[in-house]
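Undergrad:
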Amino acid sequence: MDFQGIFVTRIAARFAQLRARDSTGLVAYIAAGDPTPALTVPLMHELARSGADVIELGVPFSDPMADGPVIQRAAERAIRNGVGLRQCLQMVSGFRRDDTSTPVVLMGYANPIEHMGTEAFVATAADAGVDGVIVVDYPPEECQSFVAALRRANIDPIFLLAPTSTDQRIEQIARCAGGFLYYVSLKGITGAGNLDADAVAARLPAIRARSKLPLAVGFGIRDAAGARAVARIADAVVIGSRLVEEIEKAGADGALRAVARLVAEFRLAIDSARAARIC
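With our numbering applied, the sequence shown covers 1366 to 1644.
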């Protein structure tokens, strides 16, 4: 079933705004509950103030498949802090009390959702104000009922595409995806620093030919130069491990300042790429 275009979500609205001003989006990831549960909502607000267009909130999980060591350590700290899926949803609800426009995407794994119950999860996520969900280990052919439930709740199901994704796989994902497509720029886990922007640029046309959804690129972007290179070819740049690493270094006392500084740095790099494109 092709779900594209049925709903207008906060994610779709944000990307429409970005297109209207010919701007590239910034998707910023933090791990819920790290460095402390009390700081998660303030960090989300700082991300939005500093220039993030979409907030990606990581749900702590003990056995990740795609996360590198930086995000694994953040998840371990969050779990020790007593943060799980229900607490993440409460954090989104807290964020929504003061910010009703910034899209929030949950990124995590199937086990916590299955433990909670998919129907209960979708209903609670909708009530909390979640706009999109990435479940790393839910392949599209095995989660049609989950995707349909998300769509009924006006939540975008977001899927990952890899450099190894075949044309058939791209078409399959494009039929059920919403919000944006998340292109993993490298073969590996989050946080690896071997971004090849030329290889990404060569791969994106095949995806664009099969989907009208915006394309966000992440997993290998660690500095302003990488963000600038990706901003020239993608609809959004995703930063995650570098941001979580800075939070880890700064600790609770300096996390907000570290986030503000780094997000502003990436925002400037992305906007400079747009300016160069116009010139």
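We treat Cβ as the ideally placed atom computed from N, Cα and C, and that holds for glycine.
Do you know whose CA, among P1477, C1541 and R1451, lies nearest E1507's CA?
TA: C1541
Undergrad: Report buried or exposed for Q1533, applying the criterion of at least 16 other Cβ atoms within 10 angstroms of its Cβ.
TA: exposed
Undergrad: Hey, how far is the Cα of M1409 from the Cα of L1578?
TA: 25 Å
Undergrad: What's the gap between the Cα of L1454 and the Cα of A1493?
TA: 6 Å
Undergrad: With burial defined as no fewer than 16 other Cβ atoms inside 10 Å of the residue's Cβ, what is the status of E1479: buried or exposed?
TA: Taking all protein chains shown into account, E1479 has fewer than 16 neighbouring C-beta atoms within 10 Å of its C-beta and is therefore exposed.
Undergrad: In three-state terms, what does DSSP make of P1522?
TA: Three-state DSSP puts P1522 in a strand.
Undergrad: Could you check how far apart the C-beta atoms of G1423 and M1472 are, in whole angstroms? I think they sit under 8 Å.
TA: Correct: roughly 5 Å between the Cβ atoms.
Undergrad: Rounded to whole angstroms, what is the Cα-Cα separation between A1557 and V1549?
TA: Any answer about A1557 is weak, because its pLDDT of 49 lies below 50 and its placement is not dependable; what the coordinates show is given next. In a straight line, the C-alpha of A1557 is about 11 Å away from that of V1549.
Undergrad: Using only CA atoms, which one of F1584, D1588, T1489 and R1597 lies nearest to R1421?
TA: Checking the displayed sequence, the identity of residue 1421 turns out to be Glu instead of Arg. Taking only the C-alpha atoms, the option nearest E1421 is F1584.
Undergrad: In whole angstroms, give me the CA-to-CA distance for R1587 and L1560.
TA: 9 Å
Undergrad: Please look up how many angstroms separate the CB atoms of D1636 and F1380, rounded, as I've assumed it's under 8 Å.
TA: About 16 Å; that fails the 8 Å criterion.
Undergrad: With distances taken Cα to Cα, identify the nearest neighbour of V1582 among F1524, A1491 and A1440.
TA: F1524
Undergrad: Grab the span of the beta strand (DSSP E) containing V1582 for me, first residue to last.
TA: L1580 to G1583
Undergrad: For I1499, collect the residues of the same chain with a Cβ closer than 8 Å to its Cβ; drop the 5 residues on either side in sequence, then sort them by chain order.
TA: E1421, V1470, L1471, M1472, G1473, I1523, F1524, L1525 and Y1547
Undergrad: By alpha-carbon positions, which one of R1597, D1418, E1441 and E1630 ends up nearest to T1401?
TA: E1441
Undergrad: How big is the Cα-Cα spacing for A1571 and T1389?
TA: Roughly 20 Å between the two C-alpha positions.
Undergrad: My parser needs the alpha helix (DSSP H) runs of 4 or more residues fully inside the segment 1457 to 1504; what are they?
TA: 1475 to 1481 and 1483 to 1493
Undergrad: Counting only the same chain and skipping the five closest in sequence on each side, list residues whose C-beta sits under 6 Å from that of E1611.
TA: A1623 and L1627
Undergrad: So, using beta-carbon positions, are F1511 and T1483 closer together than 8 Å?
TA: yes
Undergrad: Determine which residues share a DSSP beta bridge with I1444 and list them.
TA: Its beta-bridge partners do not exist; DSSP assigns none.
Undergrad: Can the beta-carbon of D1602 be found less than 8 Å from the beta-carbon of L1391?
TA: One point to set straight first is that residue 1602 is Val, not Asp, in the sequence displayed. Yes, they are a contact pair.
Undergrad: Buried or exposed: M1430, going by 16 or more other Cβ atoms within 10 Å of its Cβ?
TA: M1430 is classed as exposed because its beta carbon has fewer than 16 other beta carbons within 10 Å across all chains shown.
Undergrad: When we look at the beta-carbon of P1504 and count the other beta-carbons within 10 Å, is it buried (16 or more) or exposed?
TA: That one is exposed.
Undergrad: Report the rounded CA-to-CA distance for D1387 versus R1632, giving the unit in angstroms.
TA: 14 Å
Undergrad: Assign P1425 to buried or exposed, taking buried as 16 or more other Cβ atoms, counted over all protein chains shown, within 10 Å of its Cβ.
TA: buried
Undergrad: DSSP has I1420 in a bridge; who is on the other side?
TA: Answer is A1393 and V1469.
Undergrad: Which runs of the beta strand (DSSP E) fall wholly inside the segment 1557 to 1635 and span at least 3 residues, in chain order?
TA: 1580 to 1583 and 1601 to 1604
Undergrad: Between V1448 and the rest of its own chain, which residues show a CB-CB distance below 7 Å, the 5 nearest in sequence each way excluded?
TA: A1397, G1398, P1402 and P1425
Undergrad: Consult DSSP for V1549 and reduce its assignment to one of helix, strand or coil.
TA: strand
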